[in-house]
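In terms of our numbering, the sequence shown opens at residue 166 and continues consecutively. Report on the following structure.
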Amino acid sequence: MFSNKNEFKDSFLKRLEMSYGKKFAESTKRDQYQTLGNMVREHISSNWISTNEWNRASNNKQVYYLSIEFLLGRLLGQNLLNLGIREVVLEGFADLGIDLEEIEESEADAGLGNGGLGRLAACFLDSLASLNLPGHGLGIRYKHGLFDQKIVDGYQVELPEQWLRHGNVWEVRKPDQAIEIPFWGKIEHSHEDGKLEFRHVQSENIMAVPYDMPVIGYETSTVNTLRLWNAEPAPHPPHRDVLAYKRETEAVSEFLYPDDTHDEGKILRLKQQYFLVSASLQSIVRSYLKKNDTLHEFHKHVAIHVNDTHPVLAIPELMRILLDEEHMEWEEAWNITFNTISYTNHTTLSEALEKWPLHIFKPLLPRIYMIVEELNERFCKELWNRFPGDWNRIENMAIIAHGVVKMAHLAIVGSHSVNGVAKIHSDILKNREMKLFHQIYPQKFNNKTNGITHRRWLLKANPELTNLITETIGTDWITNPHLMIELKRHIYNPLLKEEFAAVKRKRKEILADIIEKKTGISVDKHSIFDVQVKRLHAYKRQLLNVLHIMYLYNRLKEDSNFTIYPRTFIFGAKASPGYYYAKKIIKLINSLADKVNSDPKVSKMMKVIFMENYRVSLAEHIFPATDVSEQISTASKEASGTGNMKFMMNGALTMGTLDGANIEILEEVGKENIFTFGLKADEVLNYYENGGYRSSEYYHHDLRIRQVVDQLTNGFFPDTEDEFEAIKDSLLYENDQYFVLRDFASYVDAQEQLEKAYKNQDKWLEKALLNIAHSGYFSSDRTIHEYADGIWDIQPIPVIH
Numbered sequence: 166m167f168s169n170k171n172e173f174k175d176s177f178l179k180r181l182e183m184s185y186g187k188k189f190a191e192s193t194k195r196d197q198y199q200t201l202g203n204m205v206r207e208h209i210s211s212n213w214i215s216t217n218e219w220n221r222a223s224n225n226k227q228v229y230y231l232s233i234e235f236l237l238g239r240l241l242g243q244n245l246l247n248l249g250i251r252e253v254v255l256e257g258f259a260d261l262g263i264d265l266e267e268i269e270e271s272e273a274d275a276g277l278g279n280g281g282l283g284r285l286a287a288c289f290l291d292s293l294a295s296l297n298l299p300g301h302g303l304g305i306r307y308k309h310g311l312f313d314q315k316i317v318d319g320y321q322v323e324l325p326e327q328w329l330r331h332g333n334v335w336e337v338r339k340p341d342q343a344i345e346i347p348f349w350g351k352i353e354h355s356h357e358d359g360k361l362e363f364r365h366v367q368s369e370n371i372m373a374v375p376y377d378m379p380v381i382g383y384e385t386s387t388v389n390t391l392r393l394w395n396a397e398p399a400p401h402p403p404h405r406d407v408l409a410y411k412r413e414t415e416a417v418s419e420f421l422y423p424d425d426t427h428d429e430g431k432i433l434r435l436k437q438q439y440f441l442v443s444a445s446l447q448s449i450v451r452s453y454l455k456k457n458d459t460l461h462e463f464h465k466h467v468a469i470h471v472n473d474t475h476p477v478l479a480i481p482e483l484m485r486i487l488l489d490e491e492h493m494e495w496e497e498a499w500n501i502t503f504n505t506i507s508y509t510n511h512t513t514l515s516e517a518l519e520k521w522p523l524h525i526f527k528p529l530l531p532r533i534y535m536i537v538e539e540l541n542e543r544f545c546k547e548l549w550n551r552f553p554g555d556w557n558r559i560e561n562m563a564i565i566a567h568g569v570v571k572m573a574h575l576a577i578v579g580s581h582s583v584n585g586v587a588k589i590h591s592d593i594l595k596n597r598e599m600k601l602f603h604q605i606y607p608q609k610f611n612n613k614t615n616g617i618t619h620r621r622w623l624l625k626a627n628p629e630l631t632n633l634i635t636e637t638i639g640t641d642w643i644t645n646p647h648l649m650i651e652l653k654r655h656i657y658n659p660l661l662k663e664e665f666a667a668v669k670r671k672r673k674e675i676l677a678d679i680i681e682k683k684t685g686i687s688v689d690k691h692s693i694f695d696v697q698v699k700r701l702h703a704y705k706r707q708l709l710n711v712l713h714i715m716y717l718y719n720r721l722k723e724d725s726n727f728t729i730y731p732r733t734f735i736f737g738a739k740a741s742p743g744y745y746y747a748k749k750i751i752k753l754i755n756s757l758a759d760k761v762n763s764d765p766k767v768s769k770m771m772k773v774i775f776m777e778n779y780r781v782s783l784a785e786h787i788f789p790a791t792d793v794s795e796q797i798s799t800a801s802k803e804a805s806g807t808g809n810m811k812f813m814m815n816g817a818l819t820m821g822t823l824d825g826a827n828i829e830i831l832e833e834v835g836k837e838n839i840f841t842f843g844l845k846a847d848e849v850l851n852y853y854e855n856g857g858y859r860s861s862e863y864y865h866h867d868l869r870i871r872q873v874v875d876q877l878t879n880g881f882f883p884d885t886e887d888e889f890e891a892i893k894d895s896l897l898y899e900n901d902q903y904f905v906l907r908d909f910a911s912y913v914d915a916q917e918q919l920e921k922a923y924k925n926q927d928k929w930l931e932k933a934l935l936n937i938a939h940s941g942y943f944s945s946d947r948t949i950h951e952y953a954d955g956i957w958d959i960q961p962i963p964v965i966h
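If you want it as structure tokens, here you go:
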């Protein structure tokens, strides 16, 4: 049906009329989108079946990637690209008077993630399929993904995200493979045939119903699977209020990250985590036992990877299955579990390392708690034998201590591999955050620097740049992204620079049109597009960016001789609904935007734009248009970052601290092709350990800082009263936890160097092209090769012809 445009048109029109019972002329864009989506799914069905059959029949090892988040974005455009049929559809639709881009816009963003964690998982799935590796994703089918953000009077307002409002054309419901998950109740034990048997009784069960989505590799026959679990009532509900039970059950897969400030929310989050791992592991084991009699060699054929601490209950759940259902001895069950499970840590922030209170954990998951308690006992005994009398070490390393279960500790003890996501992050884990564990398990710790799929973030998002690279170095780089380095030989070519400048200009025009359409503000398309888009968090320091813009505003107002190269500052960010401080920063950005954009003098030189409801589909327009990539987190706080890689791949230069993968970008491109500033990680960590930083000194000794900090509360922003007092307090009275004032002067200097560099457009274009040439290293294909070889020990599937 996709072999040529005429065949495609005939199939499309026939399918549309049969599906909707109306003529093409009466059809809506949504009808057209659904029809095309169904055709694509049918087109790949034989390869999907073949991939699944091969995985079932072969003895090759497979990996299952468990993640609470999968930030997929829209899939139609990516699937058409990966299948190599986009041109046929484009031509066929052109004949029919349909704009393919408009049809793609009909698709909801699958926003089943919050940021980098979930987008990384999506990039990894794309790379696994494109590299023909047997790897599957397992997550939760949230009814509402991350909230839709509206900005009302400068404030963030959250609305429920409705990605399933019109169904999901890519999913296949598999009710026959549903799995029952028990909560609450109690554990009875008895001796049978000389063995201790455990039974979970009086539990409240819910059903996990799988919805499978195809993960299509790029120009290959491999189609892997993302399985998302939906929570539904069990056939035999508990003997209590049936409506309350139904509501509580459906809540498990209703929202990503429910508010956990109270016990009710904590219970729901813990339920979600166990729901994900129990359904996933029971499903994996069930599939494995279809072709194997026992689980004694399970770890030789199955790798289970937990993406951060949310799915770490996979460790005790696999133990439960092996002990209670397969009746193994503890030692064998532990050996299999340990060799099956691997863990990626994504943070050095202590508040992000999950801890579950025992008063919630123990009654909700009684059998799992017993296993975790036994694990803790055995681990503490091992520590005692190695370090007799060192109670302090045991207290600090225990899995259960001070009334909580420490999920990161459970993850490290129960996994054969623990990896960070950038060199500096992995070093901080080994030498500081998890130093005690590294001392006794040095062989477990390793680094796997994050990557991004160039298929979405370059081929799909920036087709003009893709074509330019291909015209310059051929097509091999598309399947071997490390070959992008060959572009380096051409960066001094005047014609290439001219063509690249034209591509960047076109992408800036596209983004400027989107900005005007969404905000009503007209921006200078020839200005520097300076962009900071990411989750709103204090450590990511959107505030530092804001204070710098306020400083520029003050200079432009006070000094008639002061000018800057025109600049458009673009922000995009969502703040967690309960994160009061982050929401204040969003209000501050919008108040600053109002002030700057309405000032006749200043707005000629700069504009400030806040892009509402930042998401994957919007990011695909932002990255290609950007000149300057703001990666300004407090050094040591950003584990890696992946936005920095997407900007780099599209020819933006990085303004960044020496943090996360910024350091590896610097190593790739050289210090003359990146702008760095601020404290280094060891200096930050030294301040945290030994003190010595007083933010008030910077406030009193730098007039620029004093002016902008005072302007937060002195009426500079009209009609805000005490709106930004909490921000000022954080900087002065709470001693500026993220060193915004300490790095301010260094940041201003780096921004001046950047502006000077931009004015020399010839050199700037060379720097941008050199960044693109080196960005192939940051493809997720490289990262997945490293995981496949170094952690999972998996081999490619034979390509089906």
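Don't be surprised by glycine CBs; every beta carbon is placed ideally from N, CA and C.
Across which residues does DSSP place K527 in a beta bridge pair? Locating residue 527 in the sequence shown gives position 362, where the first residue counts as 1. The partner list for K527 (beta bridge, DSSP) is empty, contrary to what the question assumes.
Under a three-way DSSP split, which group does L181 fall into? By one-based count along the sequence shown, residue 181 stands at place 16. It is helical.
Do T733 and D134 come within 8 angstroms of each other at the CB atom, strictly closer than that value? Outside the displayed range of the chain (166 to 966) lies residue 134, so it cannot be described from this structure.
Hey, out of I533, F526, E397, L488, whose CA is closest to E362's CA? For the purposes of this step, residue 362 is taken as residue 197 along the sequence shown, with counting starting at 1. Nearest option by C-alpha distance: L488.
If you follow the beta strand (DSSP E) that V322 is in, where does it begin and where does it stop? Here residue 322 refers to the residue found at position 157 when the sequence shown is read from its first residue. Start and end: 320-324.
Label M776 either buried or exposed according to how many other C-beta atoms from any shown protein chain fall within 10 Å of its C-beta, with 16 as the threshold for buried. For this step, residue 776 is matched to residue 611 along the sequence shown. Classification of M776: buried, given that the 10 Å Cβ count is 16 or more.
Nearest neighbour of L181, chosen from L660, A915, G202, K571 [CA to CA]: Translated into positions along the sequence shown, residue 181 becomes position 16. For the residues L660, A915, G202, K571, the minimum Cα distance to L181 belongs to G202.
Is the beta carbon of D291 less than 8 angstroms from the beta carbon of T618? Position 126 of the sequence shown, counted from the first residue, corresponds to residue 291. Position 453 of the sequence shown, counted from the first residue, corresponds to residue 618. Yes, the pair counts as a contact, with Cβ atoms nearer than the cut-off.
Go ahead and pull the three-state DSSP assignment for K690. Stepping through the sequence shown from its first residue, residue 690 is reached at position 525. In the structure shown, K690 sits in coil (DSSP, three-state: anything other than H, G, I, E or B).
With a Cβ-Cβ cutoff of 8 angstroms, do I956 and S591 count as a contact? Taking the first residue of the sequence shown as 1, we reach residue 956 at position 791. Taking the first residue of the sequence shown as 1, we reach residue 591 at position 426. No; because the gap between Cβ atoms is not below 8 angstroms, this pair is not in contact.
Anticipated Cβ contact below 8 angstroms, R239 with D264, distance rounded: As a working note, residue 239 is residue 74 in the sequence shown. As a working note, residue 264 is residue 99 in the sequence shown. Rounded, the Cβ-Cβ distance is 15 angstroms, inconsistent with contact.
In the DSSP assignment, find the alpha helix (DSSP H) that holds E397 and state where it starts and stops. Residue numbering aside, residue 397 sits at position 232 when the sequence shown is read from its first letter. It is not in any alpha helix (DSSP H) - E397 instead sits in the beta strand (DSSP E) that spans 388-398.
contact_flag[the stretch 785-802, the stretch 553-561] where n(CB pairs < 8 angstroms) is 3 or more: no
On the premise that V905 lies in contact with M715, defined as a C-beta separation below 8 angstroms, what is that separation, rounded to the nearest angstrom? Numbered from its first residue, the sequence shown carries residue 715 at position 550. Numbered from its first residue, the sequence shown carries residue 905 at position 740. About 12 angstroms; that fails the 8 angstroms criterion.
Using only CA atoms, which one of I593, L919, P347, G359 lies nearest to P528? As a first step, residue 528 is located in the sequence shown; it is residue number 363 there, counting from the start. The candidate whose alpha carbon is nearest that of P528 is P347.
Residues in the same chain with beta-carbon distance under 7 angstroms from S368, minus the five sequence neighbours each way, listed in chain order, please. Mapped onto the sequence shown, residue 368 falls at position 203. Around S368: P347, F348, W349, G350.
Near V366, what residues of its chain come up, given a Cβ to Cβ distance below 8 angstroms and the 5 sequence neighbours on each side ignored? By 1-based counting over the sequence shown, the position of residue 366 is 201. Taken in chain order, the residues that qualify are G350, K351, I352, E353.
Straight-line Cα distance separating I750 from T474: Looking up residue 474 in the sequence shown gives position 309. Looking up residue 750 in the sequence shown gives position 585. So the two alpha carbons sit approximately 28 angstroms from each other.
Three-state secondary structure (DSSP) of I449: In the sequence shown, counting from the first residue as 1, residue 449 sits at position 284. I449: helix per DSSP, three-state reduction.
Status (buried if at least 16 other CB within 10 Å, exposed otherwise) for Q608: Stepping through the sequence shown from its first residue, residue 608 is reached at position 443. Answer is exposed; the Cβ neighbour count stays below 16.
Going by beta-carbon coordinates alone, are T216 and I962 separated by less than 8 angstroms? Position 51 of the sequence shown, counted from the first residue, corresponds to residue 216. Position 797 of the sequence shown, counted from the first residue, corresponds to residue 962. Their beta carbons are under 8 angstroms apart, which means T216 touches I962 by this criterion.
Taking one C-beta from the stretch 437-447 and one from the stretch 369-378 each time, how about it: are there three or more such pairs within less than 8 angstroms? yes
With DSSP as the reference, please indicate the residues paired to R364 in a beta bridge. Position 199 of the sequence shown, counted from the start, is the residue given in the question as residue 364. DSSP, once it has assigned bridges, lists E353 as partnering R364.
Should D884 be labelled buried (16 or more other beta-carbon atoms within 10 Å of its own) or exposed? In the sequence shown, residue 884 corresponds to position 719, counting from 1. The residue is exposed, with fewer than 16 neighbouring Cβ atoms inside 10 Å.
Beta strand (DSSP E) segments (min. 3 residues) lying fully within the stretch 764-835: 771-775, 793-796, 818-821
K924 to Y730, Cα distance in whole Å? For the purposes of this step, residue 924 is identified with residue 759 of the sequence shown, where counting begins at 1. For the purposes of this step, residue 730 is identified with residue 565 of the sequence shown, where counting begins at 1. Computed Cα separation, rounded: 8 angstroms.
So the candidates are F167, A846, K194; which of them puts its Cα closest to the Cα of L594? For this step, residue 594 is matched to residue 429 along the sequence shown. Ranking F167, A846, K194 by Cα distance to L594 puts A846 first.
Taking 8 angstroms as the threshold, find out whether the stretch 905-920 comes into contact with the stretch 710-724 through three or more Cβ pairs. yes
Taking L285 as part of the alpha helix (DSSP H), name the residues at either end of that continuous run. Taking the sequence shown and counting its residues from 1, the one referred to as residue 285 is at position 120. Here the alpha helix (DSSP H) through L285 covers 281-295.
Considering only the alpha carbon of each residue, which of A222, F177, P481 lies closest to N500? If you number the sequence shown from 1, residue 500 lands on position 335. Nearest C-alpha to N500: P481.
Helix, strand or coil for V913 per DSSP? Stepping through the sequence shown from its first residue, residue 913 is reached at position 748. If DSSP states are grouped into helix, strand and coil, V913 belongs with the helices.
What is the rounded straight-line gap between the Cα of G278 and the Cα of A343? The sequence position of residue 278 within the sequence shown is 113, counting from 1. The sequence position of residue 343 within the sequence shown is 178, counting from 1. Cα-Cα distance, rounded: 24 angstroms.
Check whether the stretch 465-479 and the stretch 219-235 touch, using three or more Cβ-Cβ pairs below 8 angstroms as the test. yes
Helix, strand or coil: how does DSSP classify Q697 here? Sequence index remark: in the sequence shown, residue 697 carries index 532 (1-based). Note: Q697 maps to strand in three-state DSSP.
Could you tell me the distance, in whole angstroms, from the CA atom of K928 to the CA atom of L919? Position 763 of the sequence shown, counted from the first residue, corresponds to residue 928. Position 754 of the sequence shown, counted from the first residue, corresponds to residue 919. Taking the straight line joining both Cα atoms gives about 12 angstroms.
Whether or not the stretch 736-753 and the stretch 313-321 are in contact is what I'm after, with contact meaning three or more pairs of Cβ atoms, one per stretch, closer than 8 angstroms; do they touch? yes
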